[in-house]
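Asks: Residue numbers (my numbering), protein chains in the order written: chain A, 2 to 228; chain B, 30 to 133. The structure follows.
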Amino acid sequence: MTSPRSEFQAGLKAELPIAIGVIPFGMIYGVLALSAGLPASASQAMSAIVFAGSAQFISAQLFSHSTPAMVIVLTVGVVNLRHALYSASLAPYLAKLPPRWKWLLGYLLTDEAYAVTITHYNVNGEARHKHWFFLAAGLMLWTTWQLSTAAGIFLGAAVPASWSLDFTLALTFIGLIVPTLKDRASLGAALSAGVTAVLAAALPFKLGLLAASVVGILVGVWLESRR
Amino acid sequence: MSAWLTMIAAGALTYATRLSLILLFGRMEVPGWLARALRFVPAAVLTAIVFPELFIQDGSLDVSLANGRLIAGLLAVLVAWRTKNVLLTILAGMAALLALQRVF
């Protein structure tokens, strides 16, 4: 039999290794945000308000190029579109919860919390207290993200520019994306987006990023439909 | 001040995306074409961020051995492909970049 307590503990246990892996990224984000010229308070607040690693990395970079607010918000919107998919895939399991639970769990829905929660629900989808598992995974990741951001901000002032730490952004994305390019359609989406971004780099307001994202998505859909 | 407003707008949009289908479940479904398009979002967006970082230095295209970020980035692609490990990818790429900066 499951209880709220046993589900909560299982959630903490499942999320722990992922949360440990997130610590360096939170720290790197803190360092990057400071070097982008954001005040320490805003850098920390972004980890609670946006609470999405890759979107925060990009926002910090866009802020440092004095990108217009509208473009930053749109870019974050596009980068975080994938969360709509997570939301759709978890929705059937959360349908019977009271609204306050849905509002809370929606806030905690990150890549990392989703990954362990959907794995758990695929096996234990019928358990009565399974929302406690999601809550535990989400809260553990949230706490780790806030603390590691703070550590990065604290250390950030001490890191010299010659260390080229801004390059960790590109490297992080390479590490996340390359293993997912398993079929022709996603490889085509990535390459066409990359080439477009280089060709469109001179566009004002960093609009090249948005243009390249749209081109890549269209190429991916097109390649997949041709098979 | 405007940085704060931007951040709050970006946060609200992110929250709305995450909450969307959890709240709307049963009232609407994701259309098939949208689900197909969403699958390519991470690959397209993240690569669009990475390519200019590697290929454009000081505002112009630089495809040469002297472009340390390009060489280090290509090495990182190799490491990511072979190991599927993000931390190892970062470490290998940073080590390569710092070493190349010493040389050139």
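Glycine is no exception: its CB is placed at the ideal position from the N, C-alpha and C atoms. Quick caveat: nothing in here was measured; it's all calculated off a predicted structure.
Could you tell me whether any Cβ in chain B is nearer than 9 Å to the Cβ of H84/A?
Replies: yes
Asks: Per DSSP, which residues does S89/B bridge with? Please list them.
Replies: DSSP, once it has assigned bridges, lists Q86/B as partnering S89/B.
Asks: Would you call R83/A buried or exposed, if buried means 16 or more other Cβ atoms sit within 10 Å of its Cβ?
Replies: buried
Asks: Please list, in chain order, the residues of the region 37-53 of chain B that have any C-beta partner in chain A closer than 7 Å.
Replies: I37, A38, A39, G40, L42, T43, Y44, T46, R47, L48, S49, L50, I51, L52
Asks: Whose CA, out of F54/B, L42/B, M36/B, A39/B, lies closest to the CA of A89/A?
Replies: F54/B
Asks: If you measure beta-carbon to beta-carbon, which residues of the region 94-110 of chain B are closer than 7 Å to chain A?
Replies: R98, G102, A105, V106, A109, W110
Asks: Assuming the contact rule is C-beta atoms closer than 8 Å, A159/A and P81/B should be a hit. Round their C-beta distance to whole Å, please.
Replies: About 29 Å separates the two Cβ atoms, so there is no contact after all.
Asks: Run down chain A in chain order and give the residues with a C-beta less than 7 Å from the C-beta of V115/B.
Replies: T173, G176, L177
Asks: With a CB to CB cut of under 8 Å and the five nearest residues on each side skipped, what residues in its chain are close to D91/B?
Replies: F84, I85, L99
Asks: Run the CB neighbour count on A124/B, radius 10 Å, all protein chains shown included, and call it buried at 16 or more, exposed below.
Replies: exposed
Asks: So L110/A and R47/B are supposed to be a Cβ contact under 8 Å. How far apart are they, rounded?
Replies: 4 Å
Asks: When we look at the beta-carbon of H132/A and count the other beta-carbons within 10 Å, is it buried (16 or more) or exposed?
Replies: buried
Asks: Which residues in chain B sit within 8 Å of G108/A, going by Cβ to Cβ distance?
Replies: Going by the sequence as given, residue 108/A is Tyr instead of Gly. In chain order: Y44, R47, L48.
Asks: Closest Cβ-Cβ distance between V132/B and chain A: below 9 Å?
Replies: no
Asks: Using a Cβ-Cβ cut-off of 9 Å, state whether A66/B counts as contacting chain A.
Replies: yes
Asks: Select from A11/A, T3/A, R6/A, E16/A the residue whose C-alpha is nearest the C-alpha of W143/A.
Replies: Minimum Cα distance to W143/A is reached at E16/A.
Asks: Within 10 angstroms of its Cβ, does G209/A collect 16 or more other Cβ (buried), or is it exposed?
Replies: buried
Asks: Apart from the five residues on each side of it in sequence, which residues of its chain come closer than 7 Å, Cβ to Cβ, to G126/A?
Replies: Y94
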